Amino acid sequence: MSQSFSNDLLDSPRRVLIIKPSAIGDIVHALPVLPRLRKLWPSAKISWLVAPPGAALIERHPLLDEVILFQRGRYGRGWYNPAAMWDFFKFIFQLRKRKFDLVIDLQGLFRSAWISAASGAPRRIGFSNAREFAPWFYTELVDCSWDNDHAVERYLKVATALGCPDGPVEFCFAVNDDDRHYIAELVSPGMKYAVLMPGTNWMTKRWPVERFAALAGALKERFGLESIVAGGAGDAEIAKQIPAKLDLTGKTDLRQIVALLERATLVVANDTGPMHMAAALGIPLVAPYGPTDPTRTGPFGRQESVIRLNLPCSPCYSRTCSHRSCLEWLEIEPVLRLAEMQILAGQGSK
Numbered sequence: 591m592s593q594s595f596s597n598d599l600l601d602s603p604r605r606v607l608i609i610k611p612s613a614i615g616d617i618v619h620a621l622p623v624l625p626r627l628r629k630l631w632p633s634a635k636i637s638w639l640v641a642p643p644g645a646a647l648i649e650r651h652p653l654l655d656e657v658i659l660f661q662r663g664r665y666g667r668g669w670y671n672p673a674a675m676w677d678f679f680k681f682i683f684q685l686r687k688r689k690f691d692l693v694i695d696l697q698g699l700f701r702s703a704w705i706s707a708a709s710g711a712p713r714r715i716g717f718s719n720a721r722e723f724a725p726w727f728y729t730e731l732v733d734c735s736w737d738n739d740h741a742v743e744r745y746l747k748v749a750t751a752l753g754c755p756d757g758p759v760e761f762c763f764a765v766n767d768d769d770r771h772y773i774a775e776l777v778s779p780g781m782k783y784a785v786l787m788p789g790t791n792w793m794t795k796r797w798p799v800e801r802f803a804a805l806a807g808a809l810k811e812r813f814g815l816e817s818i819v820a821g822g823a824g825d826a827e828i829a830k831q832i833p834a835k836l837d838l839t840g841k842t843d844l845r846q847i848v849a850l851l852e853r854a855t856l857v858v859a860n861d862t863g864p865m866h867m868a869a870a871l872g873i874p875l876v877a878p879y880g881p882t883d884p885t886r887t888g889p890f891g892r893q894e895s896v897i898r899l900n901l902p903c904s905p906c907y908s909r910t911c912s913h914r915s916c917l918e919w920l921e922i923e924p925v926l927r928l929a930e931m932q933i934l935a936g937q938g939s940k
């Protein structure tokens, strides 16, 4: 069901704040809102409130005027640390000084909704079924389905309600020539490679590293692809177990990962933020899924890239599991077959 606000709410705002601090995949899913807002209000100053881990993805973004860092870890200590509490009050004071006309809360939690109200903005938009009593803080509500709508679809419903025109879903990344040059110095321009991303925040989302290790050799043998392992510094230990041509874990920021993915022939990645980046870029992709539901948080518009076992207990959305059968039982042959299909489809689209 479409939804829009009354005409008096559609007057062009001077200053707009998007609240979407985390996680990386969620920030990727929210990116298509930005070009639609910019087309609707080309002269507005648009800011984005984000936590430091996701900031690199949107810093220097050509469609953004400002990135506002929300130091969640620091401010969260405010209840017992007076200095941290003072820093949080200063943060709110600086937020109010910006005099936002409109706040768009795409996070939908008590904290983000409270910040939207504390900003002093007269218009505050959020989801009618947001969690943790968040709707109490909004002035306008947007209906969505958390069970049936993909995250991208939920966020775009907000843009539609604000009057943004429909059109192609655009994932605009802030990658630039400096990022591409950095990758060119690490990866030979003529190398054909697959990017392997074995890390995840949840252990239950992790396809066994032994399978990634076996996959590296099989990709070289069958498709002539070298393997590059990528991820954060926390993935370095598992990366050591994969016989890849290059290990770039901890050596790239988010924009540089985009530059790395742009040149890839194939990406094999667990349910992580960089996997969603690869999906948004249209790169041939294989995404093993276990405890989460790909129809809700999977690679948007790329369901053909998902591989999963249809077990009765999956999806369970659990961060702990005694057996992790949904991914432990997934062997490399089905992954290789899907990889071949993805590579061929990618070649046919060029």
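Using the working numbering, read the sequence shown as starting at 591 and increasing by one per residue. For glycine and all other residues, C-beta sits at the position ideal for the given N, C-alpha and C. Small disclaimer: the values here were computed from a predicted structure and weren't measured.
Buried or exposed: which applies to residue i, given that a residue is buried once 16 or more other Cβ atoms fall within 10 Å of its Cβ?
{"i": "P622", "result": "buried"}
{"i": "Y907", "result": "exposed"}
{"i": "A673", "result": "exposed"}
{"i": "M781", "result": "exposed"}
{"i": "G880", "result": "buried"}
{"i": "L786", "result": "buried"}
{"i": "R812", "result": "exposed"}
{"i": "W631", "result": "buried"}
{"i": "A774", "result": "exposed"}
{"i": "R650", "result": "exposed"}
{"i": "C754", "result": "buried"}
{"i": "L901", "result": "exposed"}
{"i": "D695", "result": "buried"}
{"i": "W638", "result": "buried"}
{"i": "G872", "result": "exposed"}
{"i": "N738", "result": "exposed"}
{"i": "S904", "result": "buried"}
{"i": "P943", "result": "Given that the chain is displayed from residue 591 to residue 940, the structure contains no residue 943 and the question cannot be resolved."}
{"i": "H913", "result": "exposed"}
{"i": "F963", "result": "As shown, the chain starts at 591 and ends at 940. That puts residue 963 outside it, with no answer to give."}
{"i": "D825", "result": "buried"}
{"i": "P874", "result": "buried"}
{"i": "P652", "result": "exposed"}
{"i": "P779", "result": "exposed"}
{"i": "S633", "result": "exposed"}
{"i": "H619", "result": "buried"}
{"i": "R1024", "result": "Nothing can be reported for residue 1024: it is not among the residues displayed for the chain, which extend from 591 to 940."}
Comparing C-alpha positions only, which one of the options sits nearest to residue i?
{"i": "P833", "options": "V819, R845, G824", "result": "V819"}
{"i": "R604", "options": "P712, H619, L696, Y670", "result": "P712"}
{"i": "L920", "options": "P864, W797, A806, I873", "result": "W797"}
{"i": "A870", "options": "G891, A854, V858, P881", "result": "G891"}
{"i": "V896", "options": "H866, T910, R909, D655", "result": "H866"}
{"i": "S602", "options": "Q846, F690, E852, A829", "result": "F690"}
{"i": "D767", "options": "D883, A849, R927", "result": "A849"}
{"i": "A720", "options": "E760, G872, W736, A749", "result": "W736"}
{"i": "L899", "options": "R770, K687, A707, L917", "result": "L917"}
{"i": "S702", "options": "K687, R688, I682", "result": "I682"}
{"i": "A935", "options": "L856, P902, P864", "result": "L856"}
{"i": "D837", "options": "R845, A823, L844", "result": "A823"}
{"i": "F679", "options": "Q697, Y670, A708, L653", "result": "A708"}
{"i": "L757", "options": "Q846, E743, V640", "result": "For the sequence presented, residue 757 should be read as Gly rather than Leu. It is E743 whose Cα lies nearest to the Cα of G757."}
{"i": "P642", "options": "K610, A620, L624", "result": "K610"}
{"i": "N789", "options": "M931, F727, L928, A859", "result": "First, the amino acid is wrong: residue 789 is Gly here, not Asn. The option with the nearest alpha carbon to G789 is A859."}
{"i": "D616", "options": "Q937, T862, V748", "result": "T862"}
{"i": "I828", "options": "G814, R801, Y665", "result": "R801"}
{"i": "D769", "options": "S612, A646, I922", "result": "A646"}
{"i": "R714", "options": "L851, I608, V759", "result": "I608"}
{"i": "T794", "options": "S915, Y665, L776, Q893", "result": "S915"}
Based on the DSSP output, what are the partners of residue i in its beta bridges?
{"i": "D695", "result": "I609"}
{"i": "L856", "result": "A784"}
{"i": "P878", "result": "I897"}
{"i": "L630", "result": "L630 is not bridged to any residue."}
{"i": "K551", "result": "With the chain represented from 591 up to 940, any question about residue 551 goes unanswered, as that position is not in the structure."}
{"i": "D837", "result": "V819"}
Locate the alpha helix (DSSP H) running through residue i, then write down its first and last residues.
{"i": "R845", "result": "844-852"}
{"i": "L815", "result": "Premise fails: L815 is in no alpha helix (DSSP H) and is neither H nor E."}
{"i": "G980", "result": "Look at the range of the chain in this structure, 591 to 940, and you will see that residue 980 is not part of it."}
{"i": "R914", "result": "Where R914 is concerned, there is no enclosing alpha helix (DSSP H), given that its DSSP letter is neither H nor E."}
{"i": "H740", "result": "H740 -> no alpha helix (DSSP H), and no H or E assigned at all."}
{"i": "R892", "result": "Looking at the DSSP string, R892 is not in any alpha helix (DSSP H), and its letter there is neither H nor E."}
{"i": "M865", "result": "863-871"}
{"i": "R796", "result": "It is not in any alpha helix (DSSP H) - R796 carries neither H nor E in the DSSP assignment."}
{"i": "P884", "result": "884-887"}
{"i": "I828", "result": "826-829"}
{"i": "G615", "result": "614-620"}
In terms of residues, what are the limits of the beta strand (DSSP E) holding residue i?
{"i": "V732", "result": "730-732"}
{"i": "M781", "result": "Note, M781: premise wrong, no beta strand (DSSP E); not H, not E."}
{"i": "R721", "result": "Careful: R721 lies outside any beta strand (DSSP E) and carries neither H nor E."}
{"i": "R714", "result": "713-717"}
3 or more residues per run - each beta strand (DSSP E) lying fully within the region 651-709: 656-659, 692-695
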